[in-house]
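Chains as they are written, first to last, in the numbering used here: chain A, 1 to 174; chain B, 175 to 933; chain C, 934 to 1159.
From the three backbone atoms N, C-alpha and C, an ideal C-beta is built for every residue, glycine too.
None of the values given here were measured: they were computed from a predicted structure.
A quick write-up on the structure given underneath.
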Ligand SMILES: Nc1ncnc2c1ncn2[C@@H]1O[C@H](COP(=O)(O)OP(=O)(O)OP(=O)(O)O)[C@@H](O)[C@H]1O
Ligand SMILES: [Mg+2]
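The structure is reproduced here in structure tokens:
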């Protein structure tokens, strides 16, 4: 996820101070990982350099929070383009897991066990997400769902791998 | 769409009728069997007149009754004496034969005349003689040796008991008929207009339900078919194509059914000789439906199937995404449904008073009216079902399930019971007519079976004591009285006729009320309806010219009907009053009382009679006489109704089973959630009982209407025959019970848990 | 820890040649939601049917509330299913002739509750499952999701101790599926019912408290591993 475009989006609605941007960002997107102040100002200055935002007003006093940022026309165009562009579908093949399974098969260990344990772990996480989703507001729900769908995809991969372990074992040992 | 395309659609439908895995086959088979039964019945019905004609023709060919015309004895003549009797209620046709020359005619079915002491028997009689019951019949052949079998052309039917026996004691004065050829008798009693009407209406009443039955048989598996057609729509078939495919399927199923039906008929024909209905049996080869009618059935049944399929499609929009029933929300309109029965009544009502000799138009009006009235039940039934069921609510779960099912698809329910409604309406109407006119055809015989059950009369047999001994020794005879009698005239041979009857006091008491009686008494008996008392001391001239004077001690006595119902002016004489004199040729009349617990007593009596004289008739007394033809028709109707109802019950059963099968998943689910099986069983019962109940109510209404119209027509008083209504309703209830009972095993099987996993 | 509500041990069941369950075992505590996972044909439904007393296992015991279902008569098991268990299947479980309200009232009526009262309680459950609008419609006239919610209402209306759900969301999209699952688990929790949930969808299984995996007719309990 691009933090730059996210900031631009936040600024498009109304000009904001840096701390305001951080607060909004954390509120909407930073649930488990609040963005660091340093990251906020680094990003803003990058956007400033690129001409995507401008400093709309500087209030008297000390510190970095005196500046109020506003989006430029180029910035609006950049956000629009970003929103319109589909994300590159990421190959969710879990290379680590795959490596583990292959190693287990090669060393004659229970690969199915490994996968089952992984599944249980996935499910545990999914359960937690589901619980959070049930308690949460719409935004929370949508975000949890996103994670759930990804986990589900992983789980499906796990199921499929489990079903094809014999096939895989034959190939690996060949 | 090209003609080729249309043909392809039809062919595709035809294929569908028979393919589709086990379910598909089951459905095709059910349809074929259902249609087959119907077709076989129709063909059988069309073959019945022909079969009876064939039987009649054989009967005519061997006819030996001659009235009036006298043939002189010659080398080409034959003396025949009929010795018809019965064996355990089955008539036996017996003939004693004596050729008077070398060219004497040989009856059909025989290659040569039996010599004296020889007898030629029908195959059925031969079987009887060879069976353990043989000794119970054999004495009636007077010890003659069986030398041959009567061929088919000499018999009315395969199960007829008949024999020709050679007897050189026959003379033309002993009651034998002289023939120079067999055959060519008088035509039998025809059917009067009332009986004609009955027969016509009976055919309507019996065949109409079969037509209705055919209509529903071609719809077996309808729901599944609708679903399949929906699937076809999904892959791009348009409505026209779907119509054609449905038509192809229906026609193919029906054609298969016709083939099966013809098969049934051919197979059933082989069984026909095994059955004897009302003493009538026919040969398999007699069952030959006329070609024209056969063709008509072969063409009409598929046409009917296509028509029904098209009508059904009209009620169902076959949509790509499944089948929506159009039926439910439609308010059924009443007026056109009433049109048919109204027209029927309009035809029937003007025909008030049917008389002998009426013909032409009336002959057609009546059956036509009856048909319309009966078809009316079919059109009114769905409407009535709807009306009665729509508002039903509440009740136990089983009832609710059933009611809702009927509400949702009252058309199907109505279709299932159409046949019953028609059959019951027709039966009620006809039986009412029967009850109304039975009096015209059943007459009291005046015979008193409490005093004697059998009467035997010998033409010339003066040895009364021997006769009484013979009968008294027969098994099952509990009492026997006998009298000798001779005809006489008072004074000269032209004087008033009077019967002279000799017997002991007990025997004479059957003919008159005797205050007291000892041997030596004589009584002068007068019939109060025609009193012509012969005074005591009168000289009588007996038949053979001998004369006898009535003793002056003779007392008057009041006549009493004898057990056979006759009452006559007579002179009753105890043996002591006549002395050893013989009064001309004496007839012997014997009355016997039999042990009611011994059903074969009368057979023993017949054997005893045959031991004395082969030609002696034995009459079983009965207090009423029913016109035989009327009785036949009445029994025919009863049998036909039962058969028809059985047929319809079968179709209902198949429909119910089919429905259960289609709902197996649902049933299994209901059981899974803990529904008691008894609840489901009850629901099946209600679901059958509800439409049948409505059908019976309607049938009773229409039947009573038809009966009233028919009674009015024959100018009999209109009375409601409640026993008939009760009987029909009882039959209906029985049908419901039977169907429910028979569908329970399937219900049980389907509700095993693996039903959950079907589809 | 209290005694488990439902315990199955050593269940074997085969259909002709096919072996559907081999030494399967499962325990369910009061009020918990257990997911039964496994690939198609692994024996999940058979296990559920055995637990619910619909199918008799060839061997093994199923003890509910101290009573062994395997040795009960058919009538006793019917009564048990009627009074203590509730069922939700994938589809086709509503009686097409009855309205949705009547369908929900059906189990109560089978338990001889008078019609008026049964339908009133059914109405409350329809409300609870957010499908009051379909009360007077027939199952053929409602959407799949609505139908499933009606089915859930029907499963819950008798306040059963255990609800057996076999692929309850199998025919639904994810939004509707989740809605059904949310309503099902919430309602079950509120009325203290345990849920046995057969599914092969992980997101549906995520509504459970714990899972049991069935593979080739054997159960694998992975609680320990978690
Ligand atoms: N009534 C039955 N007759 C024959 N075989 C059966 C029957 N019930 C189940 N089986 C077989 O038992 C095995 C397990 O079936 P079951 O229905 O329990 O699987 P499942 O895990 O529910 O599969 P799915 O996820 O596809 O529903 C399968 O091989 C199935 O073919
Ligand atoms: Mg399953």
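Query, Result
"Beta strand (DSSP E) segments (min. 3 residues) lying fully within the region 995-1076 of chain C", "1018-1021"
"The region 1100-1107 of chain C / the region 1045-1057 of chain C touching (three or more Cβ pairs under 8 Å)", "no"
"Whole-angstrom distance between residue 628(B) and residue 716(B), CA atom to CA atom", "28 Å"
"Chain-ordered residues, beta carbon under 7 Å from a heavy atom of ligand 2", "977(C), 978(C), 1099(C), 1100(C) and 1131(C)"
"Nearest candidate by alpha-carbon position, reference residue 463(B), set 215(B), 863(B), 690(B) and 631(B)", "215(B)"
"Beta carbon of residue 872(B) nearer than 8 Å to that of residue 554(B)", "yes"
"Interface flag, residue 961(C) vs chain B, CB-CB below 8 Å", "no"
"Residue-level contact to chain A via CB, residue 1115(C), 8 Å cutoff", "yes"
"Three CB pairs or more closer than 8 Å across the region 1114-1126 of chain C and the region 1058-1072 of chain C", "yes"
"Chain-ordered chain C contacts of residue 582(B) [CB-CB under 7 Å]", "1030"
"Three CB pairs or more closer than 8 Å across the region 853-866 of chain B and the region 911-921 of chain B", "yes"
"Endpoints, the beta strand (DSSP E) within which residue 793(B) is located", "792-794"
"Same chain only: Cβ atoms within 6 Å of residue 1084(C), ignoring 5 sequence neighbours per side", "1021 and 1026"
"Residue 1165(C): CB within 7 Å of a non-hydrogen atom of ligand 1", "No statement about residue 1165(C) is possible, as the shown extent of chain C runs from 934 to 1159 and does not include it."
"Selection from 729(B), 905(B), 429(B) and 879(B) that minimises the alpha carbon distance to residue 203(B)", "429(B)"
"Residue 853(B) and residue 913(B) closer than 8 Å at C-beta", "no"
"Cβ of residue 861(B) within 8 Å of any chain C Cβ", "no"
"Contact list for the region 1053-1064 of chain C against chain B, Cβ threshold 9 Å", "none"
"Any chain A beta carbon closer than 8 Å to residue 1112(C)", "no"
"Straight-line Cα distance separating residue 713(B) from residue 605(B)", "58 Å"
"Any non-hydrogen atom of ligand 3 closer than 7 Å to residue 1110(C) Cβ", "Absence of ligand 3 from the depicted structure is noted, with ligand 1 and ligand 2 being the only ligands included."
"Beta-carbon neighbours of residue 130(A), restricted to chain C and to distances below 7 Å", "1139 and 1140"
"Short Cβ contact (8 Å threshold) for residue 471(B) with residue 217(B)", "yes"
"is_contact[residue 163(A), chain C] using C-beta, thresh 8 Å", "yes"
"Own chain, CB closer than 6 Å to residue 89(A), minus 5 neighbours either side, in chain order", "Bear in mind that a pLDDT of 48 at residue 89(A), under 50, signals an unreliable position, so the model cannot answer this."
"Contact with chain C by residue 116(A), beta-carbon distance below 8 Å", "yes"
"CB contact flag (residue 375(B), residue 541(B), <8 Å)", "yes"
"DSSP-derived helix/strand/coil call for residue 1096(C)", "strand"
"N- and C-terminal bounds of the beta strand (DSSP E) containing residue 657(B)", "651-664"
"Residue 644(B), enclosing alpha helix (DSSP H) - first and last residue", "638-646"
"Simplified DSSP state of residue 170(A), which is helix, strand or coil", "helix"
"Alpha-carbon to alpha-carbon, residue 792(B) and residue 681(B)", "18 Å"
"Whole-angstrom C-beta distance between residue 112(A) and residue 44(A), which should lie under 8 Å", "The pair is not a contact, with the Cβ atoms about 51 Å apart (cut-off 8 Å)."
"Chain A residues whose Cβ lies nearer than 9 Å to that of residue 1146(C)", "116, 119 and 120"
"Cα-Cα separation, residue 1144(C) to residue 915(B)", "46 Å"
"Neighbouring residues, chain A, relative to residue 972(C) (Cβ below 9 Å)", "159, 162 and 163"
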